[in-house]
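Numbering (the numbering used here), first residue to last: 2 to 81.
As structure tokens, this is what we get:
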């Protein structure tokens, strides 16, 4: 999984209810995570994040909105 911030934005990534990453990504900053587990990606502004898995773009804005935060469940098995 690769995230690239197009602008400053807060992101939280969970795997099996454990926090993998929580913090602010700044414009141009990238986050990488190798996994075969389901991840939950939470952010305020999904349009500020480009998301990729195996170099294929993932549209995280299709997640659900809860308390002004977008939550997207990413399952690598469905993207292989």
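Don't be surprised by glycine CBs; every beta carbon is placed ideally from N, CA and C.
Residue range of the beta strand (DSSP E) that includes residue i
i          : result
residue 22 : 19-26
residue 16 : 10-16
residue 52 : 50-54
Option nearest residue i by Cα separation, candidates the options
i          : options           : result
residue 58 : 48, 65, 67 and 24 : 48
residue 23 : 78, 76, 56 and 42 : 42
residue 11 : 18, 19, 54 and 27 : 27
Contact set for residue i: own chain, Cβ-Cβ below 7 angstroms, skip 5 residues either direction
i          : result
residue 81 : Any answer about residue 81 is weak, because its pLDDT of 47 lies below 50 and its placement is not dependable; what the coordinates show is given next. Counting only Cβ-Cβ distances below 7 angstroms, and skipping sequence neighbours, we find nothing.
Bridge partners - residue i, DSSP secondary structure assignment
i          : result
residue 68 : Paired residues: none, contrary to the question.
residue 74 : 41
residue 31 : 5
Neighbourhood of residue i by C-beta distance below 6 angstroms, restricted to the same chain and skipping five residues each side
i          : result
residue 64 : 71, 72 and 73
Same chain, Cβ closer than 8 angstroms to residue i, neighbours up to 5 away in sequence not counted
i          : result
residue 31 : 3, 4, 5 and 6
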